[in-house]
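J.: Counting from 681, one number per residue, gives the positions in the sequence shown under the working numbering.
Backbone N, C-alpha and C fix where the C-beta goes; we use that ideal spot for every residue, glycine too.
Take a look at this one; I'll ask things after.
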Amino acid sequence: MTRYDAVETAVIMSAAGLETLAGHVLGSTGGWTPNLIRNVTLAEQIRACARLLGIKGDPADQSALLAKRLRPKKGQPQGRDGFSLITEFRNGVTHPGPFNYDLDIFDAWNASQWLLEMQLLVLMNYRGRYQDRRLNRRSYAGNLSTMPVGA
């Protein structure tokens with residue numbers, strides 16, 4: 681047992697929540713067919729769900745550790761973002777094979793939880809201010825942010 685076991689499980693469960701919510705929103709509101717949903721990556725599903733709900737920005741845009749991980753490296757696909765990074769972490773801890781991480785896994789989990797929170801708040805028609813969990817280590821309790829949602 682390592683100190684990372686719990687956060688690995690949390691990353692997997694957050695991704696499962698994002699996948700479930702994306703499938704529902706894209707199918708019921710976005711008009712996506714089950715076949716279309718099956719034929720795109722999880723990153724594409726959660727990105728499309730966020731955009732359909734009017735959520736702006738990138739789930740990884742508040743983390744220097746995730747920004748560093750997103751810098752292009754030789755042999756990696758171009759155009760990676762926080763949505764693809766969430767799924768990279770989920771796949772990395774789920775499937776066998778080499779996957780290296782350090783404290784950035786905690787930021788990946790925070791980013792995925794933030795995205796779930798934003799989606800649920802939008803679905804409940806909440807447009808007020810909120811506590812951005814991605815800022816918790818750099819801010820103070822009660823420092824509220826504006827919802828990153830289009831009008």
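Excluding the five sequence neighbours on either side, which residues of its own chain have a C-beta within less than 7 Å of the C-beta of residue 729, listed in chain order?
T.: As a first step, residue 729 is located in the sequence shown; it is residue number 49 there, counting from the start. Cβ neighbours of residue 729 beyond the five flanking positions: 701, 702, 705, 706, 799.
J.: Identify every run of the alpha helix (DSSP H) within the stretch 715 to 761, keeping only runs that are complete inside it and at least 4 residues long; order them along the chain.
T.: Entirely contained in the stretch 715 to 761, the alpha helix (DSSP H) runs reaching 4 residues are, in chain order, 722 to 732, 744 to 750.
J.: Would the beta-carbon of residue 733 fall within 7 Å of that of residue 699?
T.: Along the sequence shown, one-based indexing puts residue 733 at 53. Along the sequence shown, one-based indexing puts residue 699 at 19. Cβ atoms of residue 733 and residue 699: not closer than 7 Å.
J.: According to the Cβ coordinates, are residue 765 and residue 747 closer than 7 Å?
T.: Counted from its first residue, the sequence shown places residue 765 at position 85. Counted from its first residue, the sequence shown places residue 747 at position 67. Not a contact, by the Cβ cut-off of 7 Å.
J.: Just to confirm, is the Cβ distance from residue 807 to residue 827 under 7 Å?
T.: Reading the sequence shown from its first residue, position 127 is the one you call residue 807. Reading the sequence shown from its first residue, position 147 is the one you call residue 827. Their beta carbons are under 7 Å apart, which means residue 807 touches residue 827 by this criterion.
J.: Straight-line CA distance for residue 823 to residue 745?
T.: Mapped onto the sequence shown, residue 823 falls at position 143. Mapped onto the sequence shown, residue 745 falls at position 65. Roughly 22 Å between the two C-alpha positions.
J.: Which residues share a DSSP beta bridge with residue 713?
T.: Here residue 713 is taken as the residue at index 33 of the sequence shown, counted from 1. Bridge partners of residue 713: none, in fact.
J.: Report all residues from its chain with a CB closer than 6 Å to the CB of residue 725; omit the five preceding and five following residues, and keep chain order.
T.: Within the sequence shown, the letter at position 45 stands for residue 725. The residues are 702.
J.: Would you decide whether residue 767 is buried or exposed? Buried here means 16 or more other CB atoms lie within 10 Å of its CB.
T.: In the sequence shown, counting from the first residue as 1, residue 767 sits at position 87. Under this definition residue 767 is a buried residue.
J.: I'd like to know if the stretch 707 to 715 and the stretch 779 to 795 are in contact, where contact means that at least 3 CB-CB pairs between them fall below 8 Å.
T.: no
J.: On a Cα-Cα basis, can you pick out the residue from 816, 753, 803 that is closest to residue 735?
T.: In the sequence shown, the residue the question calls residue 735 occupies position 55. Closest option to residue 735, Cα to Cα, is 803.
J.: Between the alpha carbons of residue 686 and residue 801, how many angstroms are there, rounded?
T.: Residue numbering aside, residue 686 sits at position 6 when the sequence shown is read from its first letter. Residue numbering aside, residue 801 sits at position 121 when the sequence shown is read from its first letter. Looking at the two C-alpha atoms, the distance is approximately 26 Å.
J.: Leaving out five residues before and five after residue 737 in sequence, what residues of the same chain have Cβ atoms less than 6 Å from its Cβ?
T.: What you label residue 737 is simply residue 57 of the sequence shown in a count that begins at 1. 828.
J.: Could you tell me the boundaries of the alpha helix (DSSP H) in which residue 686 lies?
T.: Along the sequence shown, read from residue 1 onward, the residue named residue 686 stands at position 6. That run of the alpha helix (DSSP H) goes 685 to 708.
J.: Do you know offhand how far residue 694's Cα is from residue 805's?
T.: Residue 694 sits at position 14 when you count from the first residue of the sequence shown. Residue 805 sits at position 125 when you count from the first residue of the sequence shown. Looking at the backbone, the Cα of residue 694 and that of residue 805 are separated by about 22 Å.
J.: Hey, quick one: how far does the alpha helix (DSSP H) through residue 787 stretch, first residue to last?
T.: Within the sequence shown, numbered from 1, the residue matching residue 787 stands at position 107. In this chain, the alpha helix (DSSP H) harbouring residue 787 covers 784 to 803.
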